[in-house]
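Trainee: Numbering (our numbering), first residue to last: 12 to 417.
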């Protein structure tokens, strides 16, 4: 689809600087109407925060801060500027962590990504993100509506029904995690069905080059975005396919992990995001993800900062099959079974799919029991390997990511 989503994508450096000088103070003043942010920013003169250098002097908010605040003051921990009942949706992500949502406009700003994928009027999007509890389904539902595409709210699983619907309806666009599209296509081949997908808008997991090529060989152009439940769209791929372009509704900084100090362009660091969302105005929110700034402008003509995309985690938290697995979840599983001395989650690839193995130091051969407990604690199923006590490496790792990202 030719053109841009709007003129914001092609602003000059001077125009962006002028916008930032006005937008940042306004966003911070709005943020101060949220109780938790009012305390955090109590001594901050919003009028003086007019550029990135000034923003970098503010404290960083971490997900652990959000979780602790929500425990004390549910559901949003005082970080929202509206009451819970004033939102249209309230979501629960694993943790649990609660996120708000609204139907007004393209609240999560993913329509820009959909447009960059070439999706628009005349398309039918098969939305295979979950609609229950977590916000991903509604995020991409909103994105499809923002570009006037029709939507099949397919959700996750039920592969045979997914194939049947895609064939009967003639869905042209897949939206979902990178892996699940292959599951649908493979099952369609087994059933002798021809599907009409020509584009795929994916997120929630790593899009490995071999998988992208596999889809391209089948005539499906696949692009990915980097988005979170807390922040909405952060960055997205365009037709240039050179890194990811930062969304127009956020300010992205790359900082030295564990600090709030920006690193030089090109150096890998932690992604910290300030969102201009007036309802949920997170300021310098540390994602825990690693990336780096790419120099220059995108060949597609979009002029905002580019990042290399997702390059791993600054901590051990790891995304497997589109779901985050956190060290505290592993610890929670171990605590349920006193005989377990240690456990280690290993993320790997089998073919073109994420695979999870949980190695457990235990004297008991209780594979089925442990498998059920792992599924409950981690919200994912995986292979169970029981090993002798004392045999796991003494390196402090409870989550090991063996996948290759290049």
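Think of the CB as a built atom: it goes at the ideal place given N, C-alpha and C, for glycine as much as any other residue.
What ranges does the beta strand (DSSP E) occupy inside the region 313–377, keeping only unbroken runs of at least 3 residues that lie completely in it?
Mentor: 329–331, 334–336, 354–361 and 364–372, all fully within the region 313–377.
Trainee: Shortest alpha-carbon distance to residue 266 belongs to which of 115, 186 and 284?
Mentor: Minimum Cα distance to residue 266 is reached at 284.
Trainee: Hey, residue 277 and residue 304 are a contact pair by Cβ (cut 8 angstroms); roughly how many whole angstroms apart?
Mentor: 6 angstroms between Cβ atoms; contact.
Trainee: Measuring only the C-alpha atoms, how far is residue 31 from residue 268?
Mentor: Cα to Cα, residue 31 sits roughly 25 angstroms from residue 268.
Trainee: Does the Cβ of residue 224 have 16 or more other Cβ atoms within 10 Å, making it buried, or fewer, making it exposed?
Mentor: Exposed, because fewer than 16 other Cβ atoms sit within 10 Å of the Cβ of residue 224.
Trainee: Cα-Cα, which of 409, 179 and 174 is closest to residue 192?
Mentor: For residue 192, the nearest C-alpha among the options comes from 174.
Trainee: For residue 12 and residue 351, I'd like the C-alpha separation in whole angstroms.
Mentor: Any reading at residue 12 must be qualified, since the residue scores a pLDDT of 39, below 50, and its modelled position is unreliable; no value is offered.
Trainee: Tell me, please, whether the region 120–140 touches the region 158–171 by the rule of three or more beta-carbon pairs shorter than 8 angstroms.
Mentor: Counting Cβ pairs under 8 angstroms, three or more are found: they touch.
Trainee: According to DSSP, is residue 412 part of a helix, a strand, or is it coil?
Mentor: If DSSP states are grouped into helix, strand and coil, residue 412 belongs with the strands.
Trainee: How should residue 132 be labelled, buried or exposed, when 16 other C-beta atoms within 10 angstroms of its C-beta is the threshold for buried?
Mentor: Residue 132 is exposed by the Cβ-count criterion.
Trainee: With 8 angstroms set as the bound, which would you pick, yes or no: does the beta-carbon of residue 110 sit closer than that to a beta-carbon of chain C?
Mentor: Given the protein chain composition of this structure (a single chain), no chain C is represented.
Trainee: Mind checking who residue 396 pairs with in its DSSP beta bridge?
Mentor: Residue 396 pairs with 370.
Trainee: Which residue marks the beginning of the beta strand (DSSP E) containing residue 32, and which one marks its end?
Mentor: Unbroken run through residue 32 is the alpha helix (DSSP H), 24–42; no beta strand (DSSP E).
Trainee: Three Cβ pairs or more, each shorter than 8 angstroms: is that satisfied between the region 306–320 and the region 364–379?
Mentor: Touching, no.
Trainee: Quick one: Cα of residue 261 to Cα of residue 306, how far?
Mentor: If I take the Cα positions, the gap works out to 19 angstroms.
Trainee: Using the Cβ count rule (16 or more neighbours within 10 Å means buried), how would you classify residue 402?
Mentor: That one is exposed.
Trainee: Using the Cα positions of residue 113 and residue 332, report the straight-line distance between them to the nearest angstrom.
Mentor: Answer to the nearest angstrom: the Cα atoms are 27 angstroms apart.
Trainee: Would you tell me roughly how many angstroms separate the C-alpha atoms of residue 341 and residue 408, rounded to the nearest one?
Mentor: Residue 341 and residue 408: Cα-Cα distance of roughly 11 angstroms.
Trainee: Between the region 61–71 and the region 198–210, are three or more C-beta pairs nearer than 8 angstroms?
Mentor: Short answer: they don't touch.
Trainee: What are the boundary residues of the alpha helix (DSSP H) that residue 201 is part of?
Mentor: Segment 189–202, the alpha helix (DSSP H) holding residue 201.
Trainee: What number of angstroms, rounded off, separates the C-alpha of residue 397 from the C-alpha of residue 195?
Mentor: The alpha-carbon atoms of residue 397 and residue 195 are separated by roughly 33 angstroms.
Trainee: Once DSSP output is grouped into helix, strand and coil, what is the label at residue 221?
Mentor: It is helical.
Trainee: How far does the alpha helix (DSSP H) with residue 173 in it reach, from first residue to last?
Mentor: Counting along the chain, the alpha helix (DSSP H) containing residue 173 begins and ends at 170–180.
Trainee: Do residue 111 and residue 290 have their CB atoms nearer than 8 angstroms?
Mentor: Yes, they are a contact pair.
Trainee: Between 109, 211 and 116, which has its C-alpha nearest residue 83's C-alpha?
Mentor: The option with the nearest alpha carbon to residue 83 is 109.
Trainee: Identify, in the order they occur along the chain, each residue of the same chain with its Cβ nearer than 7 angstroms to the Cβ of residue 375, setting aside the five sequence neighbours on each side.
Mentor: Closer than 7 angstroms at Cβ, skipping near neighbours: 350.
Trainee: Please say whether residue 249 and residue 210 have beta carbons closer to each other than 8 angstroms?
Mentor: Not in contact: residue 210 and residue 249 (Cβ atoms no closer than 8 angstroms).
Trainee: Once the 5 residues before and after residue 17 are set aside, which same chain residues still bring their CB inside 6 angstroms of it?
Mentor: Contacts found: none.
Trainee: Once you ignore the five residues that flank residue 88 on each side, which residues in its own chain have a CB closer than 7 angstroms to its CB?
Mentor: Correct list, in chain order: 47, 77, 80 and 81.
Trainee: Taking 8 angstroms as the threshold (C-beta atoms), are residue 59 and residue 65 in contact?
Mentor: Yes, these two residues count as a Cβ contact at 8 angstroms.
Trainee: Just reading off the beta strand (DSSP E) that residue 238 is part of, what are its end residues?
Mentor: That run of the beta strand (DSSP E) goes 232–239.
Trainee: Between the C-alpha atoms of residue 21 and residue 310, what's the straight-line distance to the nearest angstrom?
Mentor: Taking the straight line from one Cα to the other gives about 12 angstroms.
Trainee: Could you pull out every residue in the same chain whose Cβ sits closer than 6 angstroms to the Cβ of residue 328, ignoring the five residues on either side in sequence?
Mentor: These residues qualify, in order along the chain: 299, 335 and 337.
Trainee: Distance check for residue 172 and residue 51, CA to CA, integer angstroms please.
Mentor: Approximately 49 angstroms between the Cα atoms of the pair.
Trainee: Give a yes or no on whether the C-beta atoms belonging to residue 287 and residue 302 are separated by under 8 angstroms.
Mentor: No.
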